[in-house]
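Protein chains in written order, with our numbering: chain G, 15 to 24; chain L, 129 to 337. Just so you know, even glycine gets a beta-carbon here, dropped at the ideal spot from N, CA and C. Nothing here was measured: the structure is a model prediction, and the numbers come from that model. Below is one structure, written out as structure tokens; the observations come after it.
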Amino acid sequence: DEAEEVKDEL
Amino acid sequence: MNIFRLIGDLSHLFAILILLLKIWKTRSCAGISGRSQILFALVFATRYLDLFTHFISLYNTLMKIFYLCSSFGTIYLMYVKFKATYDRNHDTFRVEFLLIPVAILSLIFNHEFDVLEILWTFSIYLESVAILPQLFMVSKTGEAESITSHYLFALGAYRGLYILNWIYRYYTEGFFDLIAVIAGIVQTVLYCDFFYLYITKVLKGKRLT
């Protein structure tokens, strides 16, 4: 499974 | 985290706080669009579902919780506590004209066809236009109190600062999110006319008319 992009912005 | 992002977040926080304080101190929500406030609450509720799936940082979690609580708090003040002062006759923007296109766009243009991702996309697109009922209300009544103008300025400045943050992140980290960038530009452009009036009138002590 490819790495999920974590959304660090608000 | 860079300086643009931090000031952007603080500007957003400041906007929400001055709105809450204005309503609380004056015991009135006159001049504020409840429809925009409901749209913002919907934006936060659909975007911050990742509170349950990812932990990013304490800062991130606390800010998300603050935005969620404050937006629902604002709605409570407007529709329950100070209901009598809510200017509903001037708050008539048809929100379905925003919600339906935004829902369709988020189903078509998203990073991944997945429930959380579509809801995130929906929130990004919705946020870009959520201020329209408020701007419509200001144009309809032909004026805004200074405090409402400060609120709108801080709220508009936040996304403008995010654009600088994205430019910075693109050059330093290679980070680029097309959906957020396009929506952020649309959102900032919607405030341009207001920014012009704010600088030429409100900062010189005149009322925004």
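Cβ neighbours of residue i in the same chain (closer than 6 Å, five flanking residues each side left out)
i: G312(L); result: R287, Y290 and I291
i: N238(L); result: E245, I246 and T249
i: T213(L); result: S156, C157 and A158
i: F281(L); result: Y326
i: D215(L); result: A158
Contact check, residue i vs residue j, beta carbons under 9 Å
i: L260(L); j: A143(L); result: no
i: D219(L); j: R155(L); result: no
i: L233(L); j: L167(L); result: no
i: E255(L); j: R175(L); result: yes
i: T316(L); j: N130(L); result: no
i: I275(L); j: I146(L); result: yes
i: S161(L); j: M265(L); result: yes
i: D137(L); j: L24(G); result: yes
Interface flag, residue i vs chain G, CB-CB below 9 Å
i: M206(L); result: no
i: N217(L); result: no
i: T174(L); result: no
i: T316(L); result: no
i: N130(L); result: no
i: A238(L); result: Position check: residue 238(L) holds Asn in this sequence, whereas Ala was assumed. It does not: the Cβ of N238(L) has no partner Cβ on chain G nearer than 9 Å.
i: D137(L); result: yes
i: I144(L); result: no
i: S234(L); result: no
i: A231(L); result: no
i: R133(L); result: yes
i: Y319(L); result: no
i: Y296(L); result: no
i: H278(L); result: no
i: M265(L); result: no
i: A308(L); result: yes
i: Y214(L); result: no
Through-space distance from residue j to residue i, alpha-carbon basis
i: T181(L); j: K334(L); result: 47 Å
i: A231(L); j: L331(L); result: 37 Å
i: Y319(L); j: V257(L); result: 10 Å
i: K211(L); j: I203(L); result: 10 Å
i: V309(L); j: D22(G); result: 15 Å
i: D242(L); j: S267(L); result: 38 Å
i: G201(L); j: K150(L); result: 13 Å
i: H278(L); j: F322(L); result: 11 Å
i: L205(L); j: E240(L); result: 37 Å
i: E19(G); j: Y187(L); result: 19 Å
i: T328(L); j: A272(L); result: 14 Å
i: L263(L); j: K153(L); result: 23 Å
i: Y207(L); j: E224(L); result: 20 Å
i: V314(L); j: I307(L); result: 11 Å
i: K209(L); j: I135(L); result: 32 Å
Same chain, Cβ closer than 7 Å to residue i, neighbours up to 5 away in sequence not counted
i: L325(L); result: L336
i: A285(L); result: S139
i: L235(L); result: I246
i: V171(L); result: S251, L254, E255 and A258
i: L179(L); result: T189 and K192
Cutoff 9 Å: residue i Cβ touching any chain L Cβ
i: D22(G); result: yes
i: A17(G); result: The predicted position of A17(G) is uncertain, since its pLDDT is 49 and thus under 50; a value taken from the coordinates is nonetheless stated next. Chain L, which has no Cβ nearer than 9 Å to the Cβ of A17(G), makes this no.
Cβ-based neighbour list, residue i, same chain, cut-off 8 Å, excluding 5 preceding and 5 following
i: F303(L); result: W294 and R297
i: G270(L); result: T337
i: F183(L); result: T189
Residue i Cβ short of 8 Å to the ligand SAM heavy atom set
i: Y298(L); result: The ligand SAM is not part of this structure, which contains no ligands at all.
Using 8 Å as the cut-off, can you tell me whether the segment 188-202 of chain L makes contact with the segment 241-252 of chain L, which would need three or more C-beta pairs spanning the two stretches below that distance?
Taking 8 Å as the limit for Cβ pairs, the verdict is that the segment 241-252 of chain L does not touch the segment 188-202 of chain L.
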